[in-house]
Amino acid sequence: MEDEITPAAPTEYTLQTTTQALDEATFSLNPATEADAVPGNKFAFPPSHLQQLVTSRSFAALRYFGGLPGLSKGLRTDTKAGLGADEDIVDGIITRKDVLEAGNRPLRQDGSGVVVQSDPGKFTDRRHIYGENRVPKRKPTTFVQYLWLAFNHKLMFLLTASAIVSLALGIYQSVDDTEEGGIEWVEGVSIIVAVIVIVFVTAINDYQKSFKFQKLNQKKEERMVTVTRSGMHQSISIFDILVGDVLHIEAGDVVPADGVMIEGFDIQCDESALTGESELVVKISPHTQQPGDPFVFSGTKVVTGVGNYLALSVGVNSTYGKITSSLQDDVGETPLQQKLGVLANHIVRFGLAAGLIFFTIIFIRFLVQLDDIQRGPRAKAEEFLNVLILSITVVVIAVPGGLPLTVTLALAFATTRMLKDNNLVRHLRSCEIMGNATTVCSDKTGTLTQSKMTVVSGILGAFGRFDTSTPSNALSEEPKTLPTAGRLIQSLSADVRNLLKASFCLNSTAIETSDSNQFVGSSTETALLKFASDHLGMAALSEERANGNVVQLLPFDSKRKWMATFVKTGPESCRILVKGAAEVVLGRCTQTLQDPSVDMSTKILSVDEIHGLETTMHQYAGRSLRVVAVAYRDLPASALQDGVVPEEQLAANISDLVFLGAFGIRDPLRPEIVDSVQRCRSAGVFVRMVTGDNFFTAKAIASECGIYTAGGIAMDGPTFRQLTPEQLDLVVPRLQVLARSSPDDKMLLVSHLRSMGEIVAVTGDGTNDALALKAANVGLSMGISGTEVAREASDIILMDDNFASIVKAIGWGRAVNDAAKKFLQFQFTINITAGLLTVISALVGGTDASVFSVVQLLWINLIMDTFAALALATDFPTRDLFSRKPEVNGTSVLNTTMWKMITGQSIYQLAVIFVFYYAGESIFNSPLDDQRGQLQTMTFNTYVLMQFFNQANSRRADNKLNILEGVMQNPWFIFVQAVTLAGQIIIVFVGGQAFHTVPLTGAQWGWSILFGFLTIPLGSLIRLVPDQLVFKLWVGIEYCLPTRWMRHLYAGLVASLRSIFGFRSASRNAGSASAIGVNTQSDVQLSQQSNVPSDDEFDLLAAVEAVRFGTAEPHPTFEVHPDTQKGDPVLLPLRGCKVPPSQNIDLLRYIG
């Protein structure tokens, strides 16, 4: 029998059977389900009856089913051992009548006589009758539907309709007019083919993106739960839960299936998601007479307690399954997508307006020249179609169709790759927000450390000490004279050893797996259980607990910092076993063992002994050890009422304890943690450690990680709670270590940081961390040690609980943000140049004189939208991303650096193409028609090659020169470039009439490549121009305009561009305290003078002066780092600055 929880003593209540009168009047099956029979059901109850049992929430219904014994028999399971691990095809049939009748009747045979081959462990019959714990997914969007979505655009409809009319006229003209070769239909076909290609490529990208998100959602829903099968605890997927399973739940879990309690201690559930009521519901075993509800419901949250329950409904039959099957929503837009959506709408309006104006002008010209058009109505209709198609194409070029696709693709690739980096993204918005996080509030255990805890030091009683650490880590005081743990434990009396073993085994919620000496639970508890197994002769954990006679268990609570177990030691006595934070437990102790090696006789703890224990604990903490103390107290049996201790008497009983011992537990740092913290610092991300460990342990580990540095402040939770809002404004910007913190402290820290403009990422693993995770900009929960409630409240799950994964998430977030910037930089260049080239040339010479034909423009549009989105949205994060500061709230997508590049490249491309088009004949001496055709093709070829090289240039949206950084990591970019180049070569050589091209000579290809390649050195030169100079030039143009109305018009234009496109100064110093008129020294003095503490407030100024200048005894749980600069004012007012405190240069100059 594996690790059961011993419940309270049974009461007189017993379940009725059919020999007694069942209260049929109180409960009866719904007539609509009473005859609900499932063909081939070998179990006593069909799924619909079990659903009615759970939803009834009544003891009468439970009695109708025979209570727990009847349910377990009817479901062919066992409330202790669970399902048989080798079950598949079950033998015989059992009915409700068989369940309720006394005695064990033999199972009825199904009468088929057919021998069915069984596959042990498949649970075939059980799955067939009750189903699996899965909710059917909504039918995914098919590829054909994606084709329609890509085509379903008014411009596409208009363009296609025009192309079809053009094709019809072309075919008619070709049949009728054979003199010119009958190829007038080619342009119409070319446009239709181009539309089909664009639609297919867009649909393929969307389909691939959707597939990636589906895989991500499947991973997001999967989690592991603990069940008992064949008497052994197993961790299985939530999808493998079956009706009849015995499930283990504890505080922080989300209930995975509907069921009825078997046994448990202090279980309270939050059912607000189902009922809307915020009050916690007490869950009890049906065997007790205490008030409460024996039924648990899937999707509800276990807030306190630990216990086991019997699963009765899974999947679509469960409460949660019924709700979620009808609430499968699409993924919402992220902030970046919303921001780009607004930008795209502005561009669409501008493009439509420009297209309408362009159409109006050339249509008026068409009407004026209508009489000059020869060859009759067909030619006039053809000319009108050319006007219409060209106008539509200009709008297509101007509208950024690839803008939303870029972000979506970037998110799809990023989230998929982040999963490989152990970041499971639950909410897409968090991926991009993480890139601009300004501060990270991190837990210690498992995140900064390896979560491989071992007991290395300890003290038993007041003086018996042991140390098993390496010489370099041992106590500096007489390390060689201290015995090892094994030697000291052997010297203890048998009663003391048994008491220690009971303190570790019984006062614990960890469970033992099927592997020997392998435990599942908190890292502290598993370390103590391993110690008990190695040194205290602990047998199987289930056996120890079965013999322990546990009466009541109070699980660990992060607010009180301890847990307790009540054990019955005799008919007239019981014992409380307490375990928790060393200083908290020691504060409740008044006695200790007199001589642990002799017996359990006790003595009063003297002041000197308490001081000695505190000194030893501080020494352990200074060695980065977590210190846990154990104590006990013997009580008379009269302290129990109805087998439990009344809640109002708990606090009184957890006092006057006997101190048994304290243990130092080492959790080594992760080897990569120092480099990860340093990368965060170089990226402008302020790292803070928020931990439940004591003040000295927290400081030691934070210093070792590189978190606690010169200029930083460390303090504990109780002191932090005493600070006023004004004091928080002064302390929080420098706070690097918050020890002995409660979830409320973390919540206060997060909310205050956000109120000061910080973008906060916070880690959490406990149920009570849910509020802080929700309050943060990005909540990061632990995939290994975190509770399910914490995971549900988080935005990203760290699958390996590793701080290094947070750094990777920051990198991916910045890569997503950069993808949008790269694409905008590239696309806006084409928008401006292709639009102006087409419009100006058509206005100057007519539709036939346009620089580019319609099909050429559609090829350019394909490069600009779909190809560029794929190429620029799939870059991996580079180390350069961590060499710049995060972007603060309100920063526009487009900045001065990008506009500088867009403007420079556009001027160059417009100049080259206009010179080629209007002066090319004289420059290249091309008077003949064939040579004019080559010049036209060379102009088109040069422009496309400019975009080919500019796409590489656009891989950076900053002023760094290395545009090829990480290019070999991105096969999609290389693939797109290869397809673009190959497509252009094919178009030039064989495009012919369809693309209005002719083959080029080697020299002409050389000129095209040369002018295309020049975009790269030009990009380097543009990056060398200071952003400040460009911004001043842009603003200074206003003062050069000759008239007032022109200056007013220009100022309005600049204001509009700023609001739409985000043209802003790149200066970062504008947010410093001095830049907004904050006199740091005088303001500190005023703040200090006006912040005189009252009697119940923390005297912050005195605490700082005591630490810095030794004016008084330093505060025991408040410290300014010893290496802080002498001229550092420490208390610096930073609220109200334009940038968050973590980005303020007035603060950063003092932080080491």
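So in the UniProt record's numbering, spot 160 of the sequence shown is number 160, and the numbers just go up one at a time. Built from N, CA and C at the ideal position, the CB exists for glycine as well.
- For the pair V979 and V967, the Cα-to-Cα distance works out to about 16 Å.
- Taking the Cα of H287 as reference, the smallest distance to any Cα among Y309, Q268 and V281 is reached at Y309.
- Listed in chain order, the non-local C-beta contacts of G537 below 8 Å within the same chain comprise R497 and K501, local neighbours out to five positions each way being set aside.
- Residue state for H611 is assigned as helix, using DSSP reduced to three classes.
- Counting along the chain, L843 sits inside the alpha helix (DSSP H) bounded by residues F803 to G845.
- Relative to D1146, the option among L1132, D467 and P971 whose CA is nearest is L1132.
- The continuous beta strand (DSSP E) containing I576 extends over residues S573 to A581.
- Secondary structure of M938 (DSSP, three-state): helix.
- Sixteen is the threshold: when 16 or more other Cβ atoms of the shown chains lie within 10 Å of the Cβ of K900, as they do, the residue is buried.
- Across the set T79, T360, L492 and I204, the C-alpha of T79 shows the shortest separation from the C-alpha of M232.
- Around the beta carbon of S1020, fewer than 16 other beta carbons lie within 10 angstroms, which makes this residue exposed.
- In the DSSP annotation of this structure, the continuous segment of the alpha helix (DSSP H) that includes K73 starts and ends at G67 to G74.
- Taking the Cα of K1126 as reference, the smallest distance to any Cα among E1105, M453 and W1007 is reached at E1105.
- If you ignore the 5 residues before and after F876, its C-beta comes within less than 8 Å of the C-beta of R417, A815, G966, Q969 and N970, all in its own chain and listed in chain order.
- The three-state reading of DSSP puts A462 in coil, since its state is none of H, G, I, E or B.
- The DSSP assignment places complete beta strand (DSSP E) segments of no fewer than 3 residues inside the segment 539–570 at 550–557 and 562–570, in order along the chain.
- By the neighbour-count criterion, in which a residue is buried when 16 or more other Cβ atoms sit within 10 angstroms of its Cβ, E1113 is exposed.
- Here DSSP, grouped into helix, strand and coil, assigns T141 to coil.
- Take V303, set aside five residues on each side of it, and the residues of its chain with a beta-carbon closer than 7 Å to its own are A251, Q268, C269, D270, L280 and T767, in chain order.
- Annotation for F989: P999 place their beta carbon closer than 7 Å to its own, counting only its chain and skipping 5 residues before and after.
- Here S794 really is in contact with G779; their C-beta atoms are around 4 Å apart, less than 8 Å.
- For H427, there is no enclosing beta strand (DSSP E), since its DSSP letter is neither H nor E.
- For R670, the closest of Y207, I840 and N802 by C-alpha to C-alpha distance is N802.
- Q947 and I192 have their C-alpha atoms some 24 Å from each other.
- When C-beta atoms of the segment 632–647 are compared with those of the segment 694–711, fewer than three pairs fall below 8 Å, so the two segments do not count as touching.
- Boundaries of the alpha helix (DSSP H) harbouring F1109: L1100 to F1109, taken from the DSSP string.
- The beta carbon of A85 sits closer than 7 Å to the beta carbons of G121, R229 and S230 from its chain, once the five residues preceding and following it are set aside; these are given in chain order.
- One alpha carbon belongs to F504, the other to P571, and they sit about 23 Å apart.
- T468 is a Cβ neighbour of A485, given a cutoff of 8 Å.
- Under the criterion of beta carbons closer than 8 Å, Q909 and T1001 do not qualify as touching, at roughly 23 Å.
- When the alpha-carbon of F265 is set against those of F566, T408 and R626, the nearest one is in F566.
- Looking at the backbone, the Cα of D206 and that of N861 are separated by about 18 Å.
- When secondary structure is reduced to three states using DSSP, I262 falls in the strand class.
- For T592, the CB contacts under 6 Å within the same chain, skipping 5 residues up- and downstream, are G461, A462, L605 and F659 in chain order.
- In terms of Cα proximity to E544, the closest of Q552, L1101, L554 and A532 is A532.
- Taken atom to atom, the span from the alpha-carbon of T526 to that of M799 is near 20 Å.
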